[in-house]
Amino acid sequence: MVNAAYVGRALPPTPPYRVSREKIREFALAVGEGAPVCSDVDAARAGGHADLVAPPTFAVTFTMPAMEALLRDPELGWDYSRMVHGDQSFTAHRPIHAGDELVTVLHVDELRTRAGSHFLTLRCEVADTAGEPVLTTTALLVTQAAS
Amino acid sequence: MSELASSPFNTAASANAGDERSEEHACDVAKGDELPPLAVRVTRADLVRYAGASGDFNPIHWSDRVATSVGLPGVIAHGMLTMALAGRLVTEWIGDPAAVRAFGTRFTRPVVVPDDDEGALVELTGTVTDVVEDDTGARTARVSIKASCGGTTVLGRTTAEVRLPG
Chain A
1 MVNAAYVGRA
11 LPPTPPYRVS
21 REKIREFALA
31 VGEGAPVCSD
41 VDAARAGGHA
51 DLVAPPTFAV
61 TFTMPAMEAL
71 LRDPELGWDY
81 SRMVHGDQSF
91 TAHRPIHAGD
101 ELVTVLHVDE
111 LRTRAGSHFL
121 TLRCEVADTA
131 GEPVLTTTAL
141 LVTQAAS
Chain B
1001 MSELASSPFN
1011 TAASANAGDE
1021 RSEEHACDVA
1031 KGDELPPLAV
1041 RVTRADLVRY
1051 AGASGDFNPI
1061 HWSDRVATSV
1071 GLPGVIAHGM
1081 LTMALAGRLV
1091 TEWIGDPAAV
1101 RAFGTRFTRP
1111 VVVPDDDEGA
1121 LVELTGTVTD
1131 VVEDDTGART
1141 ARVSIKASCG
1151 GTTVLGRTTA
1161 EVRLPG
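Line by line, the protein sequences are chains A and B.
For the first sequence, my numbering begins at 1 and goes up steadily by one.
For the second sequence, my numbering begins at 1001 and goes up steadily by one.
Quick look at the structure:
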């Protein structure tokens, strides 16, 4: 049984995640993103960026672990083994660059139950260490009813 | 282009791969424009690499035993990897990933990746559905993306908002 008391809660902020050039390059290679601003610092600076630019879905590298920690928390009562990813969105307030230190606050926005399946909406508000907003992500996670 | 040449993916049938990035032409973007299509072959090796890079080690993305035990036909690609490939359709068109201001999708069907050298071919197309200008004169294109594998749609309601240069 999923614990509905979590709905409306915000979890404590994560420790700052430092975005490294190497992680951006590794992620870009893994998804085949070939934009020079993701791998070549000179190209990024020539493009007006302070440092390497993260690909559009890069934030999963630090938001998914925050979500996973909640989803595996026995207090939530979520069946992680039966989970599928329903949808995902990213809204950038500014680009993510190498050197950024980012703090994520996870919000449990909604829980719906229909025909034995649970639909959980989680939102990550990502900010820099000065508190300036960087990114908002939302994920709909589904545990399907046992067949 | 070295970045693409060193990519683990075999990018097939991409009309805009390599150094054809068309940032300077984005001023001409108009509603109804088609993005250059992209087709990407995804193999088990690509899934292993994405697992490491993303930190998503769910065994349904590398173990047939676990995948079939939860009712899947076999190992499937990470939905977030398929979404990232859809992102490439946009970034290879616009040139700079920082131009992507919003990006969202539903995961409608899994991409099953067989344990062979061919893997699965993910085919991506996109259309500019709107171009809007804000008070400052900055223009944003809204793009609708279709993703399919073996003729089956694998993503739904995939949209991106892209800041246009100039």
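In this text, a Cβ means the ideal position worked out from N, Cα and C, and glycines have one as well.
According to DSSP, what are the bridge partners of residue i?
i, result
"HIS97/A", "VAL53/A"
"VAL1132/B", "THR1140/B"
"ALA1102/B", "THR91/A, GLU1161/B"
"MET83/A", "THR143/A"
"VAL105/A", "GLU125/A"
"THR136/A", "THR91/A, GLU125/A"
"VAL1029/B", "BP columns for VAL1029/B are empty, so no partner."
"CYS1149/B", "VAL1122/B, THR1152/B"
Using only the alpha-carbon positions, how far apart do residue i and residue j sit?
i, j, result
"ARG9/A", "VAL108/A", "6 Å"
"SER89/A", "GLY1166/B", "26 Å"
"ALA30/A", "ARG1049/B", "6 Å"
"PRO12/A", "THR1125/B", "40 Å"
"LYS1146/B", "ALA1077/B", "17 Å"
"GLY116/A", "ALA69/A", "23 Å"
"TYR17/A", "GLY99/A", "10 Å"
"SER1022/B", "TRP78/A", "A caution first: SER1022/B carries a pLDDT of 49, below 50, which makes its placement in the model unreliable, though a value can still be read off. Using only the alpha carbons, I get a separation of about 45 Å."
"VAL105/A", "LEU135/A", "11 Å"
"SER944/B", "THR1108/B", "In the structure as shown, chain B starts at 1001 and stops at 1166, and residue 944/B therefore has no counterpart that could be examined."
"VAL2/A", "ALA127/A", "29 Å"
"GLY1087/B", "PHE1103/B", "8 Å"
"LEU1155/B", "GLU1123/B", "11 Å"
"MET64/A", "LYS23/A", "15 Å"
"ASP87/A", "ALA1099/B", "22 Å"
"ARG45/A", "LEU1035/B", "27 Å"
"GLY1150/B", "ASP1116/B", "16 Å"
"LEU1164/B", "THR14/A", "33 Å"
"THR1153/B", "GLY48/A", "37 Å"
"ARG1101/B", "GLY1032/B", "20 Å"
"VAL19/A", "ASP1064/B", "33 Å"
Is it buried or exposed for residue i, if we count other Cβ within 10 angstroms and need 16 for buried?
i, result
"TYR80/A", "exposed"
"PRO1110/B", "buried"
"GLU1161/B", "buried"
"GLU1024/B", "Residue placement at GLU1024/B cannot be trusted, given a pLDDT of 48 that sits under 50; what the coordinates show is reported in the next sentence. Looking at its Cβ environment, which holds fewer than 16 other Cβ atoms inside 10 Å, GLU1024/B is exposed."
"PHE1057/B", "exposed"
"ALA139/A", "buried"
"ALA145/A", "exposed"
"ALA5/A", "exposed"
"ALA130/A", "exposed"
Run through chain B and tell me which residues come within less than 9 Å of residue i, C-beta to C-beta.
i, result
"THR91/A", "ARG1101, ALA1102, PHE1103, GLY1104, GLU1161"
"HIS49/A", "ASP1096, ALA1098"
Would you mind telling me which residues of chain A sit closer than 9 Å to residue i, beta carbon to beta carbon, in chain order?
i, result
"PRO1097/B", "ALA28, GLU33, ALA35, VAL37, CYS38, VAL53, ALA54, PRO55, PRO56, PHE58, PRO95"
"LEU1085/B", "VAL31, GLY32"
"THR1136/B", "Near THR1136/B there are no residues of chain A at all, since even the closest Cβ is about 16 Å away, more than 9 Å."
Check whether the Cβ atoms of residue i and residue j lie closer than 8 Å to each other.
i, j, result
"LEU1038/B", "LEU1081/B", "no"
"GLU1133/B", "ARG1142/B", "no"
"ALA154/A", "PRO55/A", "For residue 154/A there is no data in the structure shown, the boundaries of chain A being 1 and 147."
"HIS97/A", "ALA50/A", "yes"
"VAL7/A", "PRO1097/B", "no"
"THR1091/B", "GLU33/A", "yes"
"ARG123/A", "THR113/A", "no"
"THR1105/B", "ARG1157/B", "yes"
"VAL1075/B", "ARG1044/B", "yes"
"GLY1119/B", "VAL1128/B", "no"
"HIS85/A", "GLY1055/B", "no"
"GLU26/A", "ALA1084/B", "no"
"MET83/A", "THR143/A", "yes"
"PHE62/A", "LEU102/A", "yes"
"VAL1131/B", "ALA1030/B", "yes"
"LEU141/A", "LEU76/A", "no"
"SER1148/B", "THR1159/B", "no"
"PRO95/A", "VAL53/A", "yes"
"TRP1062/B", "LEU1072/B", "no"
"GLU110/A", "THR121/A", "yes"
"GLY1095/B", "ALA35/A", "yes"
For a contact meaning CB atoms closer than 8 Å, what does residue i contact in chain B?
i, result
"GLY86/A", "ARG1106, PHE1107"
Is the closest heavy atom of the ligand ZN to the C-beta of residue i under 7 Å?
i, result
"PHE1107/B", "The model on display carries no ligand, and the ligand ZN is accordingly not part of it."
Which residues in chain A sit within 8 Å of residue i, going by Cβ to Cβ distance?
i, result
"VAL1196/B", "As displayed, chain B neither begins before 1001 nor continues past 1166, which places residue 1196/B out of reach and without an answer."
Listing by chain order, which chain A residues have their CB less than 7 Å from the CB of residue i?
i, result
"ASP1056/B", "MET64"
"THR1127/B", "Ordered by position in chain A, no residue passes the 7 Å Cβ test against THR1127/B, which lies about 18 Å from the chain."
"ARG1049/B", "ALA30"
"ARG1044/B", "Result: empty, since nearest Cβ-Cβ is about 14 Å, beyond 7 Å."
What in chain B is Cβ-close to residue i, meaning under 7 Å?
i, result
"THR61/A", "SER1054, GLY1055"
Mind listing which residues of the region 1062-1084 of chain B have their C-beta closer than 9 Å to chain C's C-betas, in chain order? In the structure shown, chain C does not exist; the protein chains are A and B.
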